[in-house]
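In what follows, a structure is listed as structure tokens, so that the remarks can point back to it.
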Amino acid sequence: AQKVTQAQTEISVVEKEDVTLDCVYETRDTTYYLFWYKQPPSGELVFLIRRNSFDEQNEISGRYSWNFQKSTSSFNFTITASQVVDSAVYFCALFNGNNRLAFGKGNQVVVIP
Amino acid sequence: NAGVTQTPKFRVLKTGQSMTLLCAQDMNHEYMYWYRQDPGMGLRLIHYSVGEGTTAKGEVPDGYNVSRLKKQNFLLGLESAAPSQTSVYFCASSRLAGANEQYFGPGTRLTVT
Chain A
1 AQKVTQAQTE
11 ISVVEKEDVT
21 LDCVYETRDT
31 TYYLFWYKQP
41 PSGELVFLIR
51 RNSFDEQNEI
61 SGRYSWNFQK
71 STSSFNFTIT
81 ASQVVDSAVY
91 FCALFNGNNR
101 LAFGKGNQVV
111 VIP
Chain B
114 NAGVTQTPKF
124 RVLKTGQSMT
134 LLCAQDMNHE
144 YMYWYRQDPG
154 MGLRLIHYSV
164 GEGTTAKGEV
174 PDGYNVSRLK
184 KQNFLLGLES
194 AAPSQTSVYF
204 CASSRLAGAN
214 EQYFGPGTRL
224 TVT
């Protein structure tokens, strides 16, 4: 069975601080894909990144960066120099080929101005 | 390009009533999905479709039915609504299987009293 764990329910940071969201996954498959989605207060989920299991390179996109480590089954997400617009719920998700995307329970990030 | 649209945005039902949620996408995507989001639970897959005329059960299908008569539309039906179906419902679509990015609609907030 596939499972995604996002342990931190709500994280509050002061603007300009960095925040890291942990994502730990479980799967028995060797081929799988990991995702991060952002759900701002407006409600619609927005795709941020996809990573396949064969590509362990870290990725940076502006103030966002992702650290994928197969050895610890983790795909962590860091927001550098947080801004109020980063306030949202962030979901990590896992796909392993059964047509189902398994979502974690999400991290509520609150950026305090 | 509207992307994924959902109607209605809000609805209040009484226990036992029926209703249909409509999802439409204009991206010519093959795959479509219905999720429900409950507080602290993340998103859970209700039903999905891998192409026009096909449907399949997801993680929490009981109490729901779906139809995909046209490629661009995916309907979610509640035949006899129950308070446990109070939730926010999201539709999503993807070009191919779940390994591809899913595009989400804005959601439908349903309350069953």
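Keeping their order, the protein sequence lines are chains A and B.
Under our numbering, the first residue of the first sequence is numbered 1, with each subsequent residue one higher.
Under our numbering, the first residue of the second sequence is numbered 114, with each subsequent residue one higher.
Ideal placement from N, C-alpha and C gives every residue a C-beta, glycine not left out.
Treat the numbers as computed from the prediction; the structure is a model and nothing was measured.
Requested in this report: In angstroms with no decimal places, state the Cα-to-Cα distance between Gly218(B) and Tyr146(B).
Outcome: Residue mapping note: residue 218(B) aligns to position 105 of the second sequence, counting from 1. Residue mapping note: residue 146(B) aligns to position 33 of the second sequence, counting from 1. Distance between the alpha carbons of Gly218(B) and Tyr146(B): 10 Å.
Query - Secondary structure of Val24(A), DSSP reduced to three states - result: On the first sequence, residue 24(A) is found 24 positions in, with the first residue counted as 1. Strand.
Query raised in the report: What is the rounded straight-line gap between the Cα of Gly116(B) and the Cα of Gly43(A)?
Result: Working through the second sequence from its first residue, we reach residue 116(B) at position 3. Working through the first sequence from its first residue, we reach residue 43(A) at position 43. Those two C-alpha atoms are separated by around 15 Å.
Report task. Assign Gln198(B) to buried or exposed, taking buried as 16 or more other Cβ atoms, counted over all protein chains shown, within 10 Å of its Cβ. Result -> Residue numbering aside, residue 198(B) sits at position 85 when the second sequence is read from its first letter. Classification for Gln198(B): buried.
Query raised in the report: How big is the Cα-Cα spacing for Leu101(A) and Phe35(A)?
Result: Working through the first sequence from its first residue, we reach residue 101(A) at position 101. Working through the first sequence from its first residue, we reach residue 35(A) at position 35. When rounded, the distance between both Cα atoms is 9 Å.
Query raised in the report: Between which two residues does the beta strand (DSSP E) harbouring Leu188(B) extend?
Result: Counting from one through the second sequence, the residue named residue 188(B) turns up at place 75. From DSSP, the beta strand (DSSP E) with Leu188(B) extends over Asn186 to Leu191.
Requested in this report: Let me know if Ser71(A) comes out buried or exposed under the rule of 16 or more other beta-carbons within 10 Å of its beta-carbon.
Outcome: Here residue 71(A) corresponds to residue number 71 of the first sequence, with the count starting at 1. The residue is exposed, with fewer than 16 neighbouring Cβ atoms inside 10 Å.
Report task. Have a look at Ala93(A), Gln6(A) and Thr20(A) and flag the residue whose alpha-carbon is nearest the alpha-carbon of Ser12(A). Result -> The residue you call residue 12(A) lines up with position 12 of the first sequence. Among Ala93(A), Gln6(A) and Thr20(A), the Cα nearest to that of Ser12(A) belongs to Thr20(A).
Query raised in the report: Does DSSP classify Thr9(A) as helix, strand or coil?
Result: Against the first sequence, residue 9(A) aligns to sequence position 9. Of the three classes helix, strand and coil, the one that applies to Thr9(A) here is coil, per DSSP.
Requested in this report: Could you tell me which chain A residues have their CB closer than 8 Å to the CB of Tyr177(B), listed as they occur along the chain?
Outcome: Here residue 177(B) refers to the residue found at position 64 when the second sequence is read from its first residue. The premise fails here: Tyr177(B) is roughly 16 Å from chain A at the closest Cβ pair, so nothing lies under 8 Å.
Requested in this report: Locate the beta strand (DSSP E) running through Phe95(A), then write down its first and last residues.
Outcome: Indexing the first sequence from 1 puts residue 95(A) at position 95. Where Phe95(A) is concerned, the enclosing beta strand (DSSP E) starts and stops at Ala88 to Phe95.
Report task. Would you verify that the beta carbon of Thr20(A) is, or is not, closer than 9 Å to some beta carbon of chain B? Result -> For this step, residue 20(A) is matched to residue 20 along the first sequence. Output row for Thr20(A): interface = no.
Requested in this report: Specify whether the segment 129-137 of chain B and the segment 180-200 of chain B touch according to this definition: at least 3 beta carbon pairs, one from each stretch, less than 8 Å apart.
Outcome: Yes, the segment 129-137 of chain B touches the segment 180-200 of chain B.
Query - Per-residue DSSP class, three states only, for Ser283(B) - result: Missing from the structure shown is residue 283(B); chain B here goes from 114 to 226 and no further.
Query - Members of the segment 39-60 of chain A near chain B, C-beta cut-off 9 Å - result: Gln39, Ser42, Gly43, Glu44, Leu45, Val46, Phe47, Arg50 and Asn52
Report task. Establish whether the CB of Thr30(A) and some CB of chain B are separated by less than 9 Å. Result -> Here residue 30(A) is taken as the residue at index 30 of the first sequence, counted from 1. Among the residues facing chain B, Thr30(A) is not included, as its CB has no counterpart in that chain under 9 Å away.
Query raised in the report: With 16 as the cutoff for other CB atoms within 10 Å, does Ser61(A) come out buried or exposed?
Result: By 1-based counting over the first sequence, the position of residue 61(A) is 61. Ser61(A) should be labelled exposed.
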